[in-house]
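Chemist: Can you keep this structure in mind? I'll have questions shortly.
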Ligand SMILES: Cc1cc2nc3c(=O)[nH]c(=O)nc-3n(C[C@H](O)[C@H](O)[C@H](O)COP(=O)(O)OP(=O)(O)OC[C@H]3O[C@@H](n4cnc5c(N)ncnc54)[C@H](O)[C@@H]3O)c2cc1C
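Protein chains in written order, with my numbering: chain P, 480 to 759; chain X, 8 to 164.
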């Protein structure tokens, strides 16, 4: 079970202005922003910040950069509404308010000495990218490294250059699949869950991190369980809409659990009853 | 080893044949017309064409495409090593519903559909095994299609 994260000692409700120093378009609706950290920014893979484009509102965005680089904070943001739209509109030199980091990290230690299997869907690759960096920076700590990534179409795939780089490594099994593609596309087509049975790992001796929209996570977990992976070796990230980020408001509560205070990363064993897996 | 024995041995190693008794593999080998290879972009079969062959893919990647006027061609699934390409040869009216186009140079065991069906009729144990394999494949495909329809990656809430 994940320990509840200690809240930062500074006032967790006060956003600190950070300068935008880099901006990169990933897809038609997704952008990566790089912020300069006024002081060394320590975070663990899987944690998130609350970003505040001044005067508009605040939203939770996962940290998507390499945790070993403490001078920069990287966020990958999909434009879905007012706040994320304002974040997309930021230019280099603009400032954005940041609170964080918050949330439970991916349990990298739980995977040490075992196979690490990451299943990511859609924009879900962003919140798990720090865990990928960490695992590849310390590749000897893990047995097999498996990354299975799915998106709706080729246009929805993020971090294409990096995926190419990861795929070219001899010590990583990286598979990508899209739901459908125009004729002429050279990659694999089909739902991401289909990649799970053919990936090279030992389900009983592996730890899985699953992240994406809830429906994708449910079916990925079903596949992992069908291969014999125990529930307590599966971790998922529940990125339910939240507001305060410190367990006050109850916006992201399910059962006794607050996503912001107790998550977003949860051990599947602890929350499986909240994620009913129905037959489609 | 004779050519026939070699073929039986190779067929037995195909993942689809896992769990088939040696006699069953031999019977299936009788239905094999040959091993075929295709270059990139080759069309293995076309929607509407007669589905007279069963393909067990040995290597490469094949796209299952559907063409819709005005929308163009879209790939709905890719099939690679160890998988079966199409099941229309098993059911009336034995007509392909999609195009199968080679993405990366591919090869497959090609089995005569009619011979396989006859063999399944004559040897019910083998017929049952084949039917349960294909029922599994079709169920998995149906599940995947439903997930695609649900749009796994749709915005949440
Ligand atoms: C822990 C955590 C980490 C996150 N990390 C990222 C990230 O790295 N990148 C990223 O782009 N987004 C991330 N999100 C989602 C992001 O917080 C929301 O998209 C954002 O709050 C939308 O705000 P908005 O004002 O732009 O849109 P709104 O107008 O508030 O919402 C637009 C639409 O998106 C839906 N929506 C908003 N937030 C969520 C949510 N969390 N889950 C499901 N549906 C939602 C709304 O119901 C509405 O339909 C994360 C959320 C959480 C809780």
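For glycine and all other residues, C-beta sits at the position ideal for the given N, C-alpha and C.
#1: Is there a C-beta anywhere in chain P that falls below 8 Å from the one on residue 157/X?
#2: Consider the C-beta atom of residue 538/P and the heavy atoms of ligand 1; say whether any pair is separated by less than 7 Å.
#3: Could you tell me which chain P residues have their CB closer than 7 Å to the CB of residue 83/X, listed as they occur along the chain?
#4: Could you pull the start and end residues of the beta strand (DSSP E) that residue 60/X belongs to?
#5: Can we count residue 474/P as close to ligand 1, meaning its CB is less than 7 Å from some heavy atom?
#6: Can you round the beta-carbon distance between residue 62/X and residue 92/X to whole angstroms, since I take them to be within the 8 Å contact cut?
#7: Counting Cβ pairs closer than 8 Å, one from the segment 702-714 of chain P and one from the segment 647-662 of chain P, do we hit at least three?
#8: Between residue 669/P and residue 656/P, which are expected to be in contact by the criterion C-beta below 8 Å, what is the C-beta distance as a whole number of angstroms?
#9: Any idea if residue 627/P is buried or exposed, counting beta-carbon neighbours within 10 angstroms, 16 or more meaning buried?
#10: Identify each residue in the segment 99-132 of chain X for which the Cβ-Cβ distance to at least one residue of chain P is less than 8 Å, and report them in chain order.
#11: Apart from the five residues just before and just after residue 46/X, which ones in its own chain have a Cβ nearer than 8 Å to its Cβ?
#12: For residue 712/P, list the residues DSSP reports as bridge partners.
#13: With respect to 7 Å, is the separation between the Cβ of residue 98/X and the closest non-hydrogen atom of ligand 1 below this value?
#14: Using a threshold of 8 Å, state whether the C-beta atoms of residue 87/X and residue 43/X are closer than that.
#15: Any C-beta of chain X within less than 8 Å: which residues of the segment 619-636 of chain P qualify?
#16: Compute the minimum distance between the beta carbon of residue 715/P and the heavy atoms of ligand 1, and state whether it is under 7 Å.
#17: Label residue 537/P either buried or exposed according to how many other C-beta atoms from any shown protein chain fall within 10 Å of its C-beta, with 16 as the threshold for buried.
#18: For ligand 1, is there any heavy atom lying closer than 7 Å to the beta carbon of residue 637/P?
#19: With residue 144/X and residue 94/X assumed to form a contact (beta carbons below 8 Å), what rounded beta-carbon distance in angstroms separates them?
#20: I'd like to know whether the C-beta of residue 75/X is nearer than 8 Å to at least one C-beta of chain P.
#21: Buried or exposed for residue 753/P, please, with buried defined as at least 16 other CB atoms from any protein chain shown within 10 angstroms of its CB.
#22: With 8 Å as the threshold, decide whether the Cβ of residue 492/P is near any Cβ in chain X.
#23: Return the first residue and the last residue of the alpha helix (DSSP H) that residue 492/P is part of.
#24: Residue 602/P and residue 646/P - do their beta-carbons sit closer together than 8 Å?
#25: In the DSSP assignment, find the unbroken beta strand (DSSP E) run with residue 687/P in it and report its ends.
#26: Return helix, strand or coil for residue 640/P, following the three-state DSSP convention.
#27: Give a yes or no on contact between the segment 531-546 of chain P and the segment 575-592 of chain P, applying the rule of three or more CB pairs nearer than 8 Å.
#28: Using alpha carbons as the reference points, say which of 566/P, 563/P, 564/P, 654/P lies closest to residue 599/P.
#29: What's the call for residue 156/X, buried or exposed, on a 16-neighbour Cβ count within 10 Å?
#30: Determine the DSSP secondary structure at residue 150/X, reduced to helix, strand or coil.
#31: Hey, is residue 718/P close to ligand 1, as in C-beta under 7 Å from one of its heavy atoms?
#32: If you drop the 5 nearest sequence neighbours on each side, which residues of the same chain put their C-beta closer than 6 Å to that of residue 132/X?
#33: What would DSSP say about residue 580/P, mapped onto helix, strand or coil?
Modeler: Reading off the structure:
#1: On the second chain, position 150 is the one that residue 157/X refers to. Chain P has a Cβ within less than 8 Å of the Cβ of residue 157/X.
#2: Against the first chain, residue 538/P aligns to sequence position 59. Answer for residue 538/P: yes, Cβ within range of ligand 1.
#3: Taking the first residue of the second chain as position 1, residue 83/X is located at position 76. Taking a Cβ-Cβ threshold of 7 Å, the residues of chain P close to residue 83/X are 659, 668, in chain order.
#4: In the second chain, the residue the question calls residue 60/X occupies position 53. For residue 60/X, the enclosing beta strand (DSSP E) begins and ends at 60-75.
#5: Outside the shown range of chain P (480 to 759) lies residue 474/P, about which nothing can therefore be said.
#6: Residue mapping note: residue 62/X aligns to position 55 of the second chain, counting from 1. Residue mapping note: residue 92/X aligns to position 85 of the second chain, counting from 1. So it is a contact: roughly 4 Å between Cβ atoms.
#7: With the cut-off at 8 Å, the segment 702-714 of chain P and the segment 647-662 of chain P do not touch.
#8: In the first chain, residue 669/P corresponds to position 190, counting from 1. In the first chain, residue 656/P corresponds to position 177, counting from 1. That belief holds up - the Cβ atoms of residue 669/P and residue 656/P are roughly 5 Å apart, short of 8 Å.
#9: Taking the first chain and counting its residues from 1, the one referred to as residue 627/P is at position 148. Answer is buried; the Cβ neighbour count reaches 16.
#10: Result list: 108, 110, 111.
#11: Taking the second chain and counting its residues from 1, one reaches residue 46/X at position 39. 109, 112, listed in sequence order.
#12: Along the first chain, one-based indexing puts residue 712/P at 233. As far as DSSP is concerned, residue 712/P takes part in no beta bridge.
#13: As a working note, residue 98/X is residue 91 in the second chain. At a cut-off of 7 Å, the beta-carbon of residue 98/X does not count as near ligand 1: no heavy atom of the ligand is closer than that.
#14: Here residue 87/X refers to the residue found at position 80 when the second chain is read from its first residue. Here residue 43/X refers to the residue found at position 36 when the second chain is read from its first residue. Residue 43/X sits away from residue 87/X, with the two beta carbons spaced by 8 Å or more.
#15: Answer in chain order: 629, 630, 631, 635.
#16: The sequence position of residue 715/P within the first chain is 236, counting from 1. No, the beta carbon of residue 715/P sits no closer than 7 Å to any heavy atom of ligand 1.
#17: Taking the first chain and counting its residues from 1, the one referred to as residue 537/P is at position 58. Counting C-beta atoms within 10 angstroms of its own C-beta, residue 537/P has 16 or more neighbours from the protein chains shown and is therefore classed as buried.
#18: Numbered from 1 along the first chain, position 158 holds the residue referred to as residue 637/P. Result no, Cβ not under 7 Å from ligand 1.
#19: Along the second chain, read from residue 1 onward, the residue named residue 144/X stands at position 137. Along the second chain, read from residue 1 onward, the residue named residue 94/X stands at position 87. At roughly 7 Å, the Cβ-Cβ gap stays under 8 Å, so residue 144/X and residue 94/X are in contact.
#20: For the purposes of this step, residue 75/X is identified with residue 68 of the second chain, where counting begins at 1. So, not an interface residue.
#21: What you label residue 753/P is simply residue 274 of the first chain in a count that begins at 1. With fewer than 16 other Cβ atoms within 10 Å, it is exposed.
#22: On the first chain, residue 492/P is found 13 positions in, with the first residue counted as 1. Among the residues facing chain X, residue 492/P is not included, as its CB has no counterpart in that chain under 8 Å away.
#23: Start at 1 with the first residue of the first chain, and residue 492/P comes out as number 13. For residue 492/P, no alpha helix (DSSP H) encloses it, and the DSSP letter there is neither H nor E.
#24: Stepping through the first chain from its first residue, residue 646/P is reached at position 167. Stepping through the first chain from its first residue, residue 602/P is reached at position 123. The Cβ-Cβ distance between residue 646/P and residue 602/P does not fall below 8 Å.
#25: Within the first chain, residue 687/P is the residue found at index 208, counting from 1. First-last of the beta strand (DSSP E) with residue 687/P: 685-690.
#26: Here residue 640/P refers to the residue found at position 161 when the first chain is read from its first residue. If DSSP states are grouped into helix, strand and coil, residue 640/P belongs with the helices.
#27: Taking one beta carbon from each stretch, the segment 531-546 of chain P and the segment 575-592 of chain P have 3 or more pairs nearer than 8 Å; the two touch.
#28: The count along the first chain starts at 1 and reaches residue 599/P at position 120. Scanning 566/P, 563/P, 564/P, 654/P for the CA closest to the CA of residue 599/P turns up 654/P.
#29: Locating residue 156/X in the second chain gives position 149, where the first residue counts as 1. Classified as exposed, residue 156/X has fewer than 16 neighbouring CB atoms from the shown chains inside 10 Å of its CB.
#30: As a working note, residue 150/X is residue 143 in the second chain. Assigned with DSSP and collapsed to three states, residue 150/X falls in helix.
#31: Locating residue 718/P in the first chain gives position 239, where the first residue counts as 1. Short note on residue 718/P: C-beta closer than 7 Å to some heavy atom of ligand 1.
#32: Translated into positions along the second chain, residue 132/X becomes position 125. Cβ within range, chain order: n/a, list empty.
#33: Translated into the one-based positions of the first chain, residue 580/P becomes position 101. Correct three-state label for residue 580/P: strand.
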